[in-house]
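So the protein sequences, as listed, match chains C and U.
Under the numbering used here, residues 10 to 144 are what the first sequence spells out, in order.
Under the numbering used here, residues 10 to 144 are what the second sequence spells out, in order.
We treat Cβ as the ideally placed atom computed from N, Cα and C, and that holds for glycine.
Here is the structure we will look at, set down as structure tokens.
Protein chains: 2
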Amino acid sequence: MIKRINHIAIVVANLDDAIRTYRDGIGLAVGHRMVMPEQEVEIAFLPAGESVIELIQPITETSGVAKYLASRGEGLHHICLEVDDVQETMEEMAARSLRLLSEKPIQAAEGYGVFLHPKAAHGVLIEFLEPFAST
Amino acid sequence: MIKRINHIAIVVANLDDAIRTYRDGIGLAVGHRMVMPEQEVEIAFLPAGESVIELIQPITETSGVAKYLASRGEGLHHICLEVDDVQETMEEMAARSLRLLSEKPIQAAEGYGVFLHPKAAHGVLIEFLEPFAST
Numbered sequence: 010m011i012k013r014i015n016h017i018a019i020v021v022a023n024l025d026d027a028i029r030t031y032r033d034g035i036g037l038a039v040g041h042r043m044v045m046p047e048q049e050v051e052i053a054f055l056p057a058g059e060s061v062i063e064l065i066q067p068i069t070e071t072s073g074v075a076k077y078l079a080s081r082g083e084g085l086h087h088i089c090l091e092v093d094d095v096q097e098t099m100e101e102m103a104a105r106s107l108r109l110l111s112e113k114p115i116q117a118a119e120g121y122g123v124f125l126h127p128k129a130a131h132g133v134l135i136e137f138l139e140p141f142a143s144t
Numbered sequence: 010m011i012k013r014i015n016h017i018a019i020v021v022a023n024l025d026d027a028i029r030t031y032r033d034g035i036g037l038a039v040g041h042r043m044v045m046p047e048q049e050v051e052i053a054f055l056p057a058g059e060s061v062i063e064l065i066q067p068i069t070e071t072s073g074v075a076k077y078l079a080s081r082g083e084g085l086h087h088i089c090l091e092v093d094d095v096q097e098t099m100e101e102m103a104a105r106s107l108r109l110l111s112e113k114p115i116q117a118a119e120g121y122g123v124f125l126h127p128k129a130a131h132g133v134l135i136e137f138l139e140p141f142a143s144t
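Laid out in structure tokens, this is it:
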């Protein structure tokens with residue numbers, strides 16, 4: 010059911026600074042950058058094998074990510090597991106009484122996703138993602 | 010230089026409970042389990058594509074992981090990036106003035122690893138790992 014780790018998301022205060030560190034320091038390649046107005050964030054995509062490391066900077070002070078940054082500082086935010094069918098995954102989670110953060114999938118940068126509540130997963134915020142069809 | 014995400018490590022209070030959640034709830038397969046006496050932890054390995062999700066339970070109260078659990082609770086602990094040559098990576102990090110947590114690689118469950126200080130990587134604890142030769 011779970012195909013791979015689609016991405017790992019890291020919240021940062023300044024995307025340019027973080028890209029410098031992760032590219033010039035740590036040695037990852039930097040793919041594209043994207044502003045996601047609905048999520049109030051800008052994201053840089055750094056491929057690592059079959060997965061991507063996403064550096065996420067809030068672009069407002071009101072988003073969930075901005076509040077996370079303000080209260081917890083920079084660091085690991087969530088991991089995303091890729092699935093074939095997010096609707097089916099949601100039904101499975103409901104049947105197993107695992108609490109989700111939304112009642113419907115949300116359109117993310119890479120597909121349709123839904124988040125499991127961290128309390129349902131031993132303190133880890135986990136996203137299930139069905140990628141956009143690549144046809 | 011960085012080949013893939015080797016693993017993501019999650020600190021948990023009780024490995025049996027966490028395995029139940031991640032296997033029966035979230036739907037990951039569980040590979041093997043291993044006690045690492047030198048690190049004072051027990052680890053369960055849950056493959057996800059080319060990466061592994063590691064659930065880590067401290068088995069003493071003195072280890073770094075035990076202290077992390079006591080102060081921060083369960084959750085994401087570190088991400089591990091696979092490299093060809095950990096010694097070369099250490100030299101590169103030193104040349105770039107990125108602070109490492111040890112002067113020599115440490116034998117981990119899957120190979121030889123070294124950790125970058127979280128302050129050097131925007132709040133993320135990053136391990137570089139050279140896997141054991143598979144010959």
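Judging by CA-CA distance, which residue of the options is the nearest neighbour of residue i?
i: H16(C); options: Q48(U), Y31(U) and G58(U); result: G58(U)
i: G84(U); options: S111(U), E101(U), G132(U) and V20(U); result: V20(U)
i: P46(U); options: G40(U), F54(U), Y31(U) and I68(U); result: I68(U)
i: R13(C); options: F124(U), A27(U), S60(U) and K12(U); result: S60(U)
i: R29(U); options: L55(U), K76(U), V44(U) and M43(U); result: L55(U)
i: M99(U); options: Y31(U), V123(U) and K76(U); result: V123(U)
i: A103(U); options: D94(U), L125(U) and I115(U); result: L125(U)
Quick one: what does DSSP say residue i is sitting in, helix, strand or coil?
i: L64(C); result: strand
i: P140(C); result: strand
i: K113(U); result: coil
i: P127(U); result: helix
i: V133(C); result: coil
i: G73(U); result: helix
i: R42(U); result: strand
In chain order, what residues of the same chain lie with their CB nearer than 6 Å to the CB of residue i, ignoring the 5 residues before and after it?
i: C89(C); result: N15, H16, E136 and L138
i: Q66(U); result: V21, L24 and E51
i: F141(C); result: G120
i: H87(U); result: A18, L134 and E136
i: A5(U); result: Look at the range of chain U in this structure, 10 to 144, and you will see that residue 5(U) is not part of it.
i: H41(C); result: F54
i: I62(U); result: I17 and L55
Measuring only from the beta carbon, is residue i closer than 7 Å to any heavy atom that is part of the ligand ATP?
i: V20(C); result: With respect to the ligand ATP, the structure offers nothing, as it holds no ligand at all.
Quick one: what's got a C-beta closer than 7 Å to residue i's C-beta in the same chain, skipping five residues either side?
i: M10(C); result: V92
i: Q48(C); result: S72
Three CB pairs or more closer than 8 Å across the segment 68–82 of chain C and the segment 113–124 of chain C: no
At a CB distance below 7 Å, what residues from the segment 38–63 of chain C approach chain U? Give them in sequence order. A57, G58, E59 and S60
At a cut of 8 Å, does the segment 102–109 of chain C reach the segment 75–82 of chain C through at least three beta carbon pairs? No, the segment 102–109 of chain C does not touch the segment 75–82 of chain C.
Which of the residues in the segment 117–138 of chain U, read from start to end, lie with their CB under 9 Å from any CB of chain C? L125, P127, A129, A130, H131, G132, V133, L134, I135 and F137
Using a Cβ-Cβ cutoff of 8 Å, what residues of the segment 104–118 of chain C are near chain U? List them in chain order. R105 and L107
Contact residues within the segment 13–31 of chain C, judged by C-beta distance below 7 Å to chain U: R13, I14, I17, I19, V21, A27 and T30
Any residues in the segment 72–101 of chain U with a beta carbon nearer than 9 Å to a beta carbon of chain C? Which ones, in chain order? Taking 9 Å as the upper bound on Cβ-Cβ separation, chain C lies near residues R81, G82, E83, G84, L85, H86, H87, I88, L90, E91, V92, T98 and E101 of the segment 72–101 of chain U.
If we count Cβ pairs, one from each stretch, closer than 8 Å, do we get three or more for the segment 125–135 of chain C versus the segment 23–43 of chain U? yes
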